[in-house]
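Q: What follows is a single structure, and I will ask about it in a moment.
Chains as they are written, first to last, in the UniProt record's numbering: chain A, 1 to 175; chain B, 1 to 373.
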């Protein structure tokens with residue numbers, strides 16, 4: 001009898017909401033919790049890289065490997081905290097911050113030429129040569145007033161992506 | 001799953017690869033930048049959105065989700081009623097059904113093995129008896145869940161050059177179909193008592209077993225299939241081309257094996273009514289015995305079976321297009337949603353080709369821009 005969503009108490013949900021800066025409604029968090037349990041096949045309380053890869057739609061994503069470095073071994077709170085960038089309640093600024101983090105995997109606050117090159121390599125695979133990638137990147141960087149030696153910071157990212165029509169929204173299904 | 005197994009399995013899957021590529025959304029790629037500036041190159045949001053979308057909800061996992069029973073014991077007078085139901089189902093129905101089930105098996109073994117071992121294999125009567133006994137045993141199975149099964153369409157007859165294909169929800173699909181005609185079935189080899197029944201009994205009907213993780217099995221099965229459909233005295237062939245159990249709300253892609261035999265393909269659509277019990281067998285979570293126990297403690301298994309019109313390969317049609325056409329018919333009839341996934345992805349990782357395709361489209365757009373300048 002009753003509803004299984006009662007597995008999470010109000011306190012739990014509020015705590016998680018706090019943790020993700022209220023990017024998700026309470027109902028959405030309940031949905032995400034069910035999803036989390038579904039993905040956590042082993043029932044260990046965290047989702048391993050292997051469990052993420054068992055979702056074929058995720059496994060075929062060119063950035064899957066890179067994202068896994070951020071995702072591997074997340075517990076529920078961390079799992080929800082990963083997702084606010086895709087909420088409609090989140091500001092553009094926070095979304096750009098997230099993109100910056102995807103580039104800046106070593107978390108040193110700077111995105112170097114090589115960091116961008118790595119992402120470009122993930123996205124183009126064997127269909128562009130290393131030389132072509134460097135050429136493209138050098139060209140667009142110089143065009144935008146940077147040099148291959150300069151590294152980009154978060155404010156740079158804000159400036160570059162800030163006035164674009166960035167659409168990064170995923171709806172959490174509520175049943 | 002071990003990473004080492006992946007590289008070999010992906011090449012094996014290519015042998016039987018459905019047209020996945022046509023389905024994969026290219027959303028991330030359609031927004032090809034008009035001009036290639038730093039902004040467009042840095043903006044990886046479409047790819048990230050896709051990844052997050054897959055993490056939050058994906059159509060593949062939904063195919064294998066068991067449906068929790070809908071509670072109806074909400075109030076003070078329905079609750080005692082429900083309790084009474086539990087007592088009846090577990091205390092009366094289950095023992096009765098188990099008794100029928102065991103009695104059925106005893107009768108079956110006492111007649112099947114003498115027939116099987118005493119009569120020579122060329123004896124016409126032996127095959128006839130075996131068929132009748134297996135059909136009887138399947139009826140016992142159905143009776144043990146008080147199956148209410150409505151068959152629509154003509155009953156299959158024994159004749160060569162035809163193969164029946166059905167959507168797959170549980171091993172009980174096979175039992176339900178088998179009670180009408182003794183089909184020879186192509187099935188995954190199971191361990192335990194199910195495996196024993198497979199080898200000791202069903203093999204006499206010409207059934208063929210394979211192991212989906214063995215690539216060698218695939219060629220052997222393909223050869224045996226071809227031989228089987230040619231024989232005029234063989235039992236009709238039944239294949240579940242999804243290759244895995246789906247929760248009866250979706251259909252995953254059909255393996256093309258059944259569709260390249262060059263014979264008539266007779267689609268069979270099976271739809272379970274979930275009113276009393278969910279017939280989906282989640283083999284990763286539940287043994288077949290537990291699955292049967294669940295069915296035997298429910299009020300009834302309610303199900304519709306449609307034998308649809310035989311289909312033939314049209315001129316110029318590839319076996320894969322043919323398979324999709326038959327899948328369409330079954331999905332429409334049984335009210336199932338089609339998803340563009342290969343059911344074997346439950347066991348294997350998707351082929352890197354899909355990722356490569358996305359990479360190629362992105363790389364092409366960048367290169368095109370590069371040339372224009």
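Idealized CB from N, CA, C, for every residue including glycine.
Excluding the five sequence neighbours on either side, which residues of its own chain have a C-beta within less than 8 Å of the C-beta of residue 148 of chain B, listed in chain order?
A: On the second chain, residue 148 of chain B is found 148 positions in, with the first residue counted as 1. Excluding positions up to five away in sequence, the list reads 300, 301, 302 and 303.
Q: Are residue 323 of chain B and residue 256 of chain B close, meaning C-beta to C-beta below 8 Å?
A: Taking the second chain and counting its residues from 1, the one referred to as residue 323 of chain B is at position 323. Taking the second chain and counting its residues from 1, the one referred to as residue 256 of chain B is at position 256. Yes. Within cutoff.
Q: Please classify residue 179 of chain B: does DSSP put it in a helix, a strand, or coil?
A: The residue given as residue 179 of chain B occupies position 179 in the second chain. In the structure shown, residue 179 of chain B sits in coil (DSSP, three-state: anything other than H, G, I, E or B).
Q: Could you confirm whether any beta carbon from chain B is found closer than 8 Å to the beta carbon of residue 59 of chain A?
A: Within the first chain, numbered from 1, the residue matching residue 59 of chain A stands at position 59. Closer than 8 Å to some Cβ of chain B, the Cβ of residue 59 of chain A qualifies, so yes.
Q: Please identify, using Cβ separations under 7 Å, the residues of the segment 259-274 of chain B that lie next to chain A, in order along the chain.
A: Cβ contacts with chain A: none found.
Q: Could you tell me the distance, in whole angstroms, from the CA atom of residue 13 of chain A to the CA atom of residue 79 of chain A?
A: The residue given as residue 13 of chain A occupies position 13 in the first chain. The residue given as residue 79 of chain A occupies position 79 in the first chain. Approximately 13 Å, taken between the alpha carbons.
Q: Where does residue 143 of chain A land, buried or exposed, given buried means 16+ other C-beta within 10 angstroms?
A: For the purposes of this step, residue 143 of chain A is identified with residue 143 of the first chain, where counting begins at 1. Exposed.
Q: Give me the Cβ distance between residue 237 of chain B and residue 307 of chain B, rounded to the nearest whole Å; I'm assuming they're in contact under 8 Å.
A: Here residue 237 of chain B corresponds to residue number 237 of the second chain, with the count starting at 1. Here residue 307 of chain B corresponds to residue number 307 of the second chain, with the count starting at 1. At roughly 14 Å, the Cβ-Cβ gap does not stay under 8 Å, so residue 237 of chain B and residue 307 of chain B are not in contact.
Q: Just to make sure I have the definition right: I need the residues of chain A whose C-beta is within less than 8 Å of the C-beta of residue 43 of chain B. Which are they?
A: One-based indexing of the second chain puts residue 43 of chain B at position 43. Result: 99, 161, 164 and 166.
Q: Quick one, which residues of the segment 344-361 of chain B are near chain A if we go by CB-CB under 7 Å, in chain order?
A: Result list: 345, 349, 350, 354, 355, 356, 358, 359 and 360.
Q: Counting only Cβ-Cβ distances shorter than 7 Å, please list the residues of the segment 43-73 of chain B near chain A, keeping chain order.
A: Hits within the stretch, in order: 43, 44, 45, 47, 48, 49, 50, 51, 52, 53, 54, 55, 56, 57, 58, 60, 61, 71 and 73.
Q: What is the DSSP secondary structure of residue 78 of chain B, counted as helix, strand or coil?
A: As a working note, residue 78 of chain B is residue 78 in the second chain. It is helical.
Q: Who are the neighbours of residue 132 of chain A on chain B, taking C-beta pairs under 9 Å?
A: Along the first chain, read from residue 1 onward, the residue named residue 132 of chain A stands at position 132. Chain B residues near residue 132 of chain A: 363, 366, 367 and 370.
Q: To which residues of the same chain is residue 234 of chain B closer than 6 Å at the C-beta, ignoring the five residues directly before and after it?
A: Counting from one through the second chain, the residue named residue 234 of chain B turns up at place 234. Around residue 234 of chain B: 206 and 228.
Q: Classify residue 98 of chain B as buried or exposed, calling it buried when 16 or more other Cβ atoms lie within 10 Å of its own Cβ.
A: For the purposes of this step, residue 98 of chain B is taken as the residue at position 98 of the second chain. Result: exposed.
Q: Report the rounded CA-to-CA distance for residue 28 of chain A versus residue 85 of chain A, giving the unit in angstroms.
A: Numbered from 1 along the first chain, position 28 holds the residue referred to as residue 28 of chain A. Numbered from 1 along the first chain, position 85 holds the residue referred to as residue 85 of chain A. Distance between the alpha carbons of residue 28 of chain A and residue 85 of chain A is about 15 Å.
Q: State the start and end residues of the unbroken alpha helix (DSSP H) segment that holds residue 155 of chain A.
A: Within the first chain, numbered from 1, the residue matching residue 155 of chain A stands at position 155. That run of the alpha helix (DSSP H) goes 154-161.
Q: In chain A, which residues lie less than 7 Å from residue 39 of chain B when you measure between Cβ atoms?
A: Counting from one through the second chain, the residue named residue 39 of chain B turns up at place 39. 160, 161 and 164, listed in chain order.
Q: Report the three-state DSSP secondary structure of residue 59 of chain A (helix, strand or coil).
A: Here the question's residue 59 of chain A lines up with position 59 in the first chain. Residue state, collapsed to three classes: helix.
Q: Under a CB-based cut-off of 8 Å, is residue 341 of chain B close to chain A?
A: For this step, residue 341 of chain B is matched to residue 341 along the second chain. Interface residue, yes.
Q: Is it right to say residue 165 of chain A is buried, meaning 16 or more other beta carbons lie within 10 angstroms of its own, or is it exposed?
A: Against the first chain, residue 165 of chain A aligns to sequence position 165. By the 10 Å Cβ count, residue 165 of chain A comes out exposed.
Q: If you follow the alpha helix (DSSP H) that residue 20 of chain A is in, where does it begin and where does it stop?
A: Start at 1 with the first residue of the first chain, and residue 20 of chain A comes out as number 20. Premise fails: residue 20 of chain A is in no alpha helix (DSSP H) and is neither H nor E.
Q: For residue 84 of chain B, does the count of other Cβ atoms within 10 angstroms reach 16, so buried, or fall short, so exposed?
A: Stepping through the second chain from its first residue, residue 84 of chain B is reached at position 84. Per the 10 Å Cβ criterion, exposed.
Q: Establish whether the CB of residue 128 of chain A and some CB of chain B are separated by less than 8 Å.
A: As a first step, residue 128 of chain A is located in the first chain; it is residue number 128 there, counting from the start. Yes, because at least one Cβ of chain B sits closer than 8 Å to the Cβ of residue 128 of chain A.
Q: Which residues mark the beginning and the end of the beta strand (DSSP E) in which residue 272 of chain B is found?
A: On the second chain, residue 272 of chain B is found 272 positions in, with the first residue counted as 1. Taken as a continuous stretch (DSSP letters only), the beta strand (DSSP E) holding residue 272 of chain B covers 264-273.
Q: Check for me: the beta strand (DSSP E) holding residue 210 of chain B runs from which residue to which?
A: In the second chain, residue 210 of chain B corresponds to position 210, counting from 1. Unbroken beta strand (DSSP E) run through residue 210 of chain B: 208-210.
Q: When we look at the beta-carbon of residue 68 of chain B and count the other beta-carbons within 10 Å, is it buried (16 or more) or exposed?
A: In the second chain, the residue the question calls residue 68 of chain B occupies position 68. Per the 10 Å Cβ criterion, exposed.
Q: Helix, strand or coil, according to DSSP, for residue 346 of chain B in the structure here?
A: Within the second chain, residue 346 of chain B is the residue found at index 346, counting from 1. If DSSP states are grouped into helix, strand and coil, residue 346 of chain B belongs with the helices.
Q: Within 10 angstroms of its Cβ, does residue 175 of chain A collect 16 or more other Cβ (buried), or is it exposed?
A: Residue numbering aside, residue 175 of chain A sits at position 175 when the first chain is read from its first letter. Exposed is the call here.
Q: Which residues bound the beta strand (DSSP E) around residue 239 of chain B?
A: In the second chain, residue 239 of chain B corresponds to position 239, counting from 1. Run containing residue 239 of chain B: 237-239, per the beta strand (DSSP E) assignment.
Q: Quick one: measure Cβ to Cβ for residue 144 of chain B and residue 117 of chain B, integer angstroms, because I've assumed they're closer than 8 Å.
A: Working through the second chain from its first residue, we reach residue 144 of chain B at position 144. Working through the second chain from its first residue, we reach residue 117 of chain B at position 117. So it is not a contact: roughly 27 Å between Cβ atoms.
Q: Among A:50, A:42 and A:129, which residue has its Cα nearest to the Cα of residue 374 of chain B?
A: Absent from the model: residue 374 of chain B. The displayed extent of chain B is 1 to 373, so no value can be given.
Q: Does any residue of chain B have a CB that is nearer than 8 Å to the CB of residue 16 of chain A?
A: In the first chain, counting from the first residue as 1, residue 16 of chain A sits at position 16. No, because no Cβ of chain B sits closer than 8 Å to the Cβ of residue 16 of chain A.
Q: Is DSSP giving residue 64 of chain A helix, strand or coil here?
A: Position 64 of the first chain holds residue 64 of chain A. Note: residue 64 of chain A maps to helix in three-state DSSP.
Q: Given that a residue counts as buried once 16 or more other Cβ atoms are within 10 Å of its Cβ, and exposed if not, what is residue 328 of chain B?
A: The residue you call residue 328 of chain B lines up with position 328 of the second chain. By the neighbour-count rule (16 or more Cβ atoms within 10 Å), residue 328 of chain B is not buried but exposed.
Q: With residue 377 of chain B as the anchor, note down where its beta strand (DSSP E) starts and where it stops.
A: Nothing can be reported for residue 377 of chain B, as the shown portion of chain B is limited to 1 through 373.
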